[in-house]
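Numbering (the working numbering), first residue to last: 133 to 309.
Ideal Cβ positions, reconstructed from N, Cα and C, are used throughout, including at glycine.
Reviewing the structure listed below.
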Amino acid sequence: MPVQDVTLVPVAPDEIAAFKRDLQAAFALAVIDELGEQPEGPIPDDADIDKSINGPNARILHVLADGVSIGGAVVVIDAENRMNRLDLFFVKVGHHGQGLGRRAWFAIEVLFAETEAWETATPYFEKRNIHFYVNVCGFHIVEFWNDHHRDPNMSASADMPGGNDMFRFIKRMKPAQ
């Protein structure tokens, strides 16, 4: 039976450990799909997730499909300048290919309708994510981070599977009429 309703609810403090495990399982699957092997440790590691979820203005959200958790997101909302960031976004293992990511993203846009622009980033090797952000959600690639042009927010010691090459995306929202 097709999913009827995709909604977003805040993650409770006692749900954070499970949220992190689900996120890491979804990211590990993507790494295996693209690179053919399991990463040595969790991707992203706990420290990176903690930095995101504990950052200023972070909102941690469950994505529910007909009331069942099928993914999640961490968004950073700047109510003053309305330039918001999608830090982490995932659909749980077993729920891909059903249009749930698209529906979840558009639910985020509705929830934060005052947003003027969204920013996010994804690794170069993540073709599925690049397709999703550009062709499904309407983001534009605005920067390519690599060893010669590093992400100013990434630690110098960071080493990701497939290298440190990343795309940065922006989506400008239409002004309210």
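Spatial neighbours of residue i within its chain, please: C-beta separation below 7 Å, excluding the five flanking residues on both sides.
| i | result |
| --- | --- |
| asparagine 216 | Val207, Val208, Ile209, Asp210, Phe244, Thr247, Trp250 |
| aspartate 279 | Asn296 |
| phenylalanine 264 | Gly233 |
| valine 274 | Arg300, Phe301, Ile302 |
Considering only their Cβ atoms, is the gap separating residue j from residue i smaller than 7 Å?
| i | j | result |
| --- | --- | --- |
| alanine 253 | methionine 298 | yes |
| phenylalanine 276 | phenylalanine 301 | no |
| valine 141 | histidine 194 | yes |
| isoleucine 192 | valine 242 | no |
| alanine 160 | isoleucine 175 | yes |
| arginine 166 | phenylalanine 257 | Sequence check: residue 166 is glutamate here, not arginine. Taking 7 Å as the Cβ cut-off, glutamate 166 and phenylalanine 257 qualify as a contacting pair. |
I believe residue i touches residue j by the beta-carbon criterion, under 8 Å. Please report the beta-carbon distance rounded to the nearest angstrom.
| i | j | result |
| --- | --- | --- |
| isoleucine 202 | valine 225 | That pair is no contact at about 10 Å. |
Between residue i and residue j, what straight-line distance do the alpha-carbon atoms span, to the nearest angstrom?
| i | j | result |
| --- | --- | --- |
| isoleucine 164 | glutamine 156 | 12 Å |
| glycine 187 | leucine 196 | 23 Å |
| isoleucine 185 | alanine 162 | 21 Å |
| phenylalanine 221 | alanine 205 | 4 Å |
| alanine 288 | alanine 158 | Low confidence applies to alanine 288: its pLDDT is 47, below 50, so where it sits in the model is not reliable, and the reading given next is rough at best. Cα-Cα distance, rounded: 25 Å. |
| glutamine 309 | glutamate 212 | Summary for glutamine 309: the model assigns pLDDT 49, below 50, so the residue's position carries little reliability, and this model does not support an answer. |
| glutamate 172 | valine 266 | 29 Å |
Here's a check: name, in chain order, each residue in its chain whose Cβ is nearer than 6 Å to the Cβ of residue i, leaving out the five neighbours to either side.
| i | result |
| --- | --- |
| lysine 152 | Ile181 |
| threonine 139 | Leu196 |
| cysteine 310 | No answer is possible for residue 310: it lies beyond the span of the chain, which begins at 133 and ends at 309. |
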